[in-house]
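In full-length UniProt numbering, the protein residues as written are 1 to 922.
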């Protein structure tokens, strides 16, 4: 292979070029890149030698060129790479530029030195002439004005004093100009030096970037690695979504256009619901922040007021003490102070420690304390002083504890406290509690404080107590549970039949008790369906059937055919079943042999026989449906007078249902089938609606498309006890100090919350009639209107009433309980509420996380029916403690003080009692 040689004398003129050709490292680097031969720039001093060598080598290079065209192999390493040549050219240009810059800077420096030297020489000559007293020459740099002002040497001897002063002033001005010129030159030189340094740094940076770009930068792999890391993170974060998308694409291929459209609508509805939910959360967070700011401002104002009052009291106490001491010294008789004049003792230590605490801005600069003792020392708290902190607005708690000598730690996240009163249990989840620290919440208490948790746990009450849930808790269903959904639909259908039976019973009772004979016309088909449904509900099933609800032969309480009759056909007029009401195949075949367990594996022949049997059974069911439909259509066309025998059977059936069902009267006198639907995890009446139409309720809950939201539907109490013709509920405080053993404190006082509008069931959309939550009623037009009871003895303001007033009202209107000769409230209502509290807490005793020094306040909501029977509605954690009305202010102030007595005094009493018993035992 022919090579193009480079003359050694040319390479010898530049050591860097020679190293680039002969270095093994460079050869290895160059060999990895396809190259082409380039001509090197020839130095001037080597040009004749190179030309001579070129002329002498021209005949020899011709065959080499031909051989190179014939061969496909690359040139040797002696050929200088074009990239290296580019780098060398670039470095040569930079070197020349640097030399030019240095030469230019040197030239400017010389000029500046020359100018400075000349200026200094002129200044020195002027000073010399001034000192000598002669001014034969004048500096050429002076202005015409200076020249005109300077006198000639001949007239120097005859100058007056004024002329001499003018001459000195002119010389002074000249010196000032020279100094200003020197300062300007100095500043200019400094700026030029800074510019030169900046230019040097830019050139260095540019050189470094060029070197990296030419020789293979080391930052490229790092950038590639960063991009790869970001890609891996994105891929890892979207793995689940990728699988989901792939699965959805696979499912879409097997879906029909109708199903695809339905899925798209469902996804759009879910997105809309999520957006609404996020917007609601944002609004709630914003509202909560505003409320928190307002409370903080009120707390700050109150704190300043309390501090000022404490100082005034302290000064007054000191003055009184000094006056009493002076009076005692003057008179021998002792000073007698009246009991009513004795002022409360001021805790000076607590006041001083509170006033000397660090500000928030200063506290951030102080390092965190090592332990509780060092924290007390740093904040000026005595070692034996108790410390408490709070989250939320509880002025009664704060004032009561400070009166007891406790110190308030304003840092709500501080771990240094003896007692912490938190607004929610979530405030304590991330706090590491010591055994001796008191808190006002238990963890994992959602089993009783949420509507769904309370419902599912109360259903187990029969395992703990000999009590039925239907005796104190209105029927409720979890719409997200398929079994509960079917049970609710059956219950709704049955209440329709029960209401028709009750209305028919009123007519039957009037017909049998009438002096003159009366006629009651009834549709035979409707009567047959109503009696059949109610008798089926009244029947007591065998034990084996009760244990297996999926057993064959157990029909639903109300079939689709019967439901069509109950919906469309009147009681006293002819009717018919819709032609569109046809037989539908059951979605899930029930099996009495295997129950909930899947059937065992069948052989092909057995499976075939099983399928044939199922088809035969389906045909029999379809034939029975057609036969029953024809029979009912025949009966629905007949309207006949009701006989006394049938009327008696109707009344007997009603009496049997009343004896069997604890909630027979709760359904109402005519059972208008009113239900209330609630979000399972919300409070303050948010999202609660009332319905008496099944399709409207299910459409509002929309469980199929919005399974992320849990809904609870509960039977509306249709026979409530009314005061001032208004519906109300009872808020009862219950304080739990221990779950093992279960220790409950039942507060003897409670208060009532009224609706601002009079009770009626014609308009179920009016929330000011059917909901009693204060957060809803306070927005009503009549919330601030006062109204009196029927006898005018009690005036209700703010839609709230104390339990003492309720007891007095019931006594005046209904008298005393004849069995106990006590008030109805103390003999019937309050004892029943205590029993319900005990039952509900016993059901969740094993699910709530117990802690020795924890306690919690629960707000129970009850409603009363016409027979003064309490019904449990829900249980609330952290009940509202704001002073919304005068009734709540009185209740909360006394209630929270009593709670602190239970938390602190009873605890200390029990500890001392245990200590004394241990001493006696020893």
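Each residue gets a CB set at the ideal place from its N, CA and C atoms; glycine is no exception.
Per-residue burial, residue 519 [other beta carbons within 10 Å of its own, 16 or more giving buried]:
Counted from its first residue, the chain shown places residue 519 at position 519. Residue environment analysis places residue 519 among the exposed positions, since fewer than 16 neighbouring C-beta atoms fall within 10 angstroms of its C-beta.
Find out if the Cβ-Cβ distance for the pair residue 210, residue 90 is shorter than 8 Å.
Within the chain shown, numbered from 1, the residue matching residue 210 stands at position 210. Within the chain shown, numbered from 1, the residue matching residue 90 stands at position 90. With respect to residue 90, residue 210 sits close: the two C-beta atoms are nearer than 8 Å.
Going by CA-CA distance only, name the one from 709, 888 and 860 that's closest to residue 274.
As a working mapping, residue 274 is identified with position 274 in the chain shown. When only C-alpha atoms are compared, the closest one is 709.
So what does DSSP say about residue 621, is it helix, strand or coil?
Locating residue 621 in the chain shown gives position 621, counting from the first residue. DSSP places residue 621 in helix when its eight states are reduced to three.
Per-residue DSSP class, three states only, for residue 408
For the purposes of this step, residue 408 is taken as the residue at position 408 of the chain shown. Residue 408: strand per DSSP, three-state reduction.
Below 8 Å CB to CB, which residues in the same chain sit around residue 763 once its five sequence neighbours on both sides are set aside?
Counting from one through the chain shown, the residue named residue 763 turns up at place 763. Hits under 8 Å: 769.
Measure how close the beta-carbons of residue 522 and residue 572 come, nearest whole angstrom, since I'm counting them as under 8 Å.
For the purposes of this step, residue 522 is taken as the residue at position 522 of the chain shown. For the purposes of this step, residue 572 is taken as the residue at position 572 of the chain shown. Taking a contact as a CB-CB distance under 8 Å, the pair residue 522 and residue 572 counts as one, their CB atoms being some 6 Å apart.
Are the beta-carbon atoms of residue 653 and residue 504 separated by less than 8 Å?
Position 653 of the chain shown, counted from the start, is the residue given in the question as residue 653. Position 504 of the chain shown, counted from the start, is the residue given in the question as residue 504. No, the Cβ-Cβ distance between residue 653 and residue 504 is not below 8 Å.
According to the neighbour-count rule (16 or more other Cβ atoms, all chains shown, within 10 Å of its Cβ), is residue 526 buried or exposed?
In the chain shown, residue 526 corresponds to position 526, counting from 1. With 16 or more other Cβ atoms within 10 Å, it is buried.
Taking the alpha helix (DSSP H) that residue 860 belongs to, which residues open and close that run?
Along the chain shown, read from residue 1 onward, the residue named residue 860 stands at position 860. In this chain, residue 860 is not harboured by any alpha helix (DSSP H); it is covered by the beta strand (DSSP E) spanning 856 to 864.
If you follow the alpha helix (DSSP H) that residue 804 is part of, which residue opens it and which one closes it?
Start at 1 with the first residue of the chain shown, and residue 804 comes out as number 804. First-last of the alpha helix (DSSP H) with residue 804: 803 to 814.
Beta carbon of residue 423, beta carbon of residue 392: below 8 Å?
The count along the chain shown starts at 1 and reaches residue 423 at position 423. The count along the chain shown starts at 1 and reaches residue 392 at position 392. Between residue 423 and residue 392, the CB-CB gap stays under 8 Å.
Touch check for the segment 676 to 696 and the segment 456 to 469: three-plus C-beta pairs under 8 Å?
The segment 456 to 469 and the segment 676 to 696 do not touch, with fewer than three beta-carbon pairs separated by less than 8 Å.
Could you pull the DSSP bridge partners for residue 679 from this structure?
Indexing the chain shown from 1 puts residue 679 at position 679. Residue 679 is bridged by DSSP to 711.
Expressed to the nearest angstrom, what Euclidean distance is found between the alpha-carbon atoms of residue 295 and residue 909?
Your numbering for residue 295 matches position 295 in the chain shown. Your numbering for residue 909 matches position 909 in the chain shown. Cα-Cα distance, rounded: 35 Å.
If residue 752 and residue 806 are in contact, beta carbons under 8 Å, what's the gap, nearest whole angstrom?
Here residue 752 is taken as the residue at index 752 of the chain shown, counted from 1. Here residue 806 is taken as the residue at index 806 of the chain shown, counted from 1. About 6 Å separates the CB atoms of residue 752 and residue 806; that is less than 8 Å, so the two are in contact.
Inter-residue Cα distance where the pair is residue 904 and residue 376:
Walking along the chain shown from the start, residue 904 turns up at place 904. Walking along the chain shown from the start, residue 376 turns up at place 376. Note on geometry: alpha-carbon atoms of residue 904 and residue 376 lie some 21 Å from one another.
So residue 534 is in the alpha helix (DSSP H); what residue range does that whole segment cover?
As a position in the chain shown, residue 534 is number 534, starting the count at 1. Per DSSP, the continuous alpha helix (DSSP H) segment holding residue 534 begins and ends at 524 to 538.
Are residue 854 and residue 442 closer than 8 Å when you measure CB to CB?
Working through the chain shown from its first residue, we reach residue 854 at position 854. Working through the chain shown from its first residue, we reach residue 442 at position 442. Result yes, Cβ atoms of residue 854 and residue 442 sit closer than 8 Å.
Residue interval of the alpha helix (DSSP H) (run including residue 794)
The sequence position of residue 794 within the chain shown is 794, counting from 1. Per DSSP, residue 794 belongs to no alpha helix (DSSP H) and is neither H nor E.
Determine the DSSP secondary structure at residue 732, reduced to helix, strand or coil.
Mapped onto the chain shown, residue 732 falls at position 732. Of the three classes helix, strand and coil, the one that applies to residue 732 here is strand, per DSSP.
Smallest Cα separation from residue 412: which of 400, 427 and 767?
In the chain shown, the residue the question calls residue 412 occupies position 412. Out of 400, 427 and 767, 427 has the C-alpha closest to the C-alpha of residue 412.
N-terminal and C-terminal residue of the alpha helix (DSSP H) that residue 774 is part of:
Taking the chain shown and counting its residues from 1, one reaches residue 774 at position 774. Start and end: 774 to 777.
Compare the beta carbon distance of residue 902 and residue 735 with 8 Å and say whether it is the shorter of the two.
The count along the chain shown starts at 1 and reaches residue 902 at position 902. The count along the chain shown starts at 1 and reaches residue 735 at position 735. Going by C-beta atoms, residue 902 is nearer than 8 Å to residue 735.
Give the C-beta separation of residue 557 and residue 533 to the nearest angstrom, bearing in mind that I take them to be a contact with Cβ-Cβ under 8 Å.
Within the chain shown, residue 557 is the residue found at index 557, counting from 1. Within the chain shown, residue 533 is the residue found at index 533, counting from 1. Confirmed, Cβ separation roughly 6 Å.
What is the DSSP secondary structure of residue 883, counted as helix, strand or coil?
Walking along the chain shown from the start, residue 883 turns up at place 883. DSSP places residue 883 in coil when its eight states are reduced to three.
Pairing CB atoms from the segment 495 to 504 with CB atoms from the segment 616 to 623, are three or more of them under 8 Å?
They do not touch, by the three-pair rule.
When the Cα atoms are used, what is the spatial distance from residue 606 to residue 613?
Here the question's residue 606 lines up with position 606 in the chain shown. Here the question's residue 613 lines up with position 613 in the chain shown. The C-alpha of residue 606 lies about 10 Å from the C-alpha of residue 613.
Give me the residue from 432, 405 and 643 with the minimum Cα distance to residue 511.
Here residue 511 is taken as the residue at index 511 of the chain shown, counted from 1. Of the candidates 432, 405 and 643, the one whose C-alpha sits nearest the C-alpha of residue 511 is 643.
Residue interval of the beta strand (DSSP E) (run including residue 749)
The residue you call residue 749 lines up with position 749 of the chain shown. Element bounds for residue 749: 742 to 754.
Helix, strand or coil at residue 73 according to DSSP, with G and I counted as helix
Counted from its first residue, the chain shown places residue 73 at position 73. Only weak support exists for where residue 73 lies, its pLDDT of 45 falling under 50; the value from the coordinates is given anyway. In the structure shown, residue 73 adopts coil according to DSSP, grouped into three states.
Rounded Cβ spacing between residue 876 and residue 449 (contact assumed at less than 8 Å):
Counting from one through the chain shown, the residue named residue 876 turns up at place 876. Counting from one through the chain shown, the residue named residue 449 turns up at place 449. With 8 Å as the limit, residue 876 and residue 449 qualify as a contact, their Cβ atoms being about 7 Å apart.
Between the alpha carbons of residue 921 and residue 912, how many angstroms are there, rounded?
Translated into the one-based positions of the chain shown, residue 921 becomes position 921. Translated into the one-based positions of the chain shown, residue 912 becomes position 912. Annotation note: pLDDT 44 at residue 921 (below 50); position unreliable, coordinate value reported separately. Between the alpha carbons of residue 921 and residue 912 lies a gap of roughly 14 Å.
Within 10 angstroms of its Cβ, does residue 405 collect 16 or more other Cβ (buried), or is it exposed?
Residue numbering aside, residue 405 sits at position 405 when the chain shown is read from its first letter. By the C-beta density criterion, residue 405 is exposed, having fewer than 16 other C-beta atoms within 10 angstroms.
Touching by the beta-carbon criterion (3+ pairs, under 8 Å), the segment 862 to 872 and the segment 886 to 902:
The segment 862 to 872 is not in contact with the segment 886 to 902.
Just verifying my parser: in three-state terms, what is the DSSP assignment at residue 667?
The residue given as residue 667 occupies position 667 in the chain shown. Coil.
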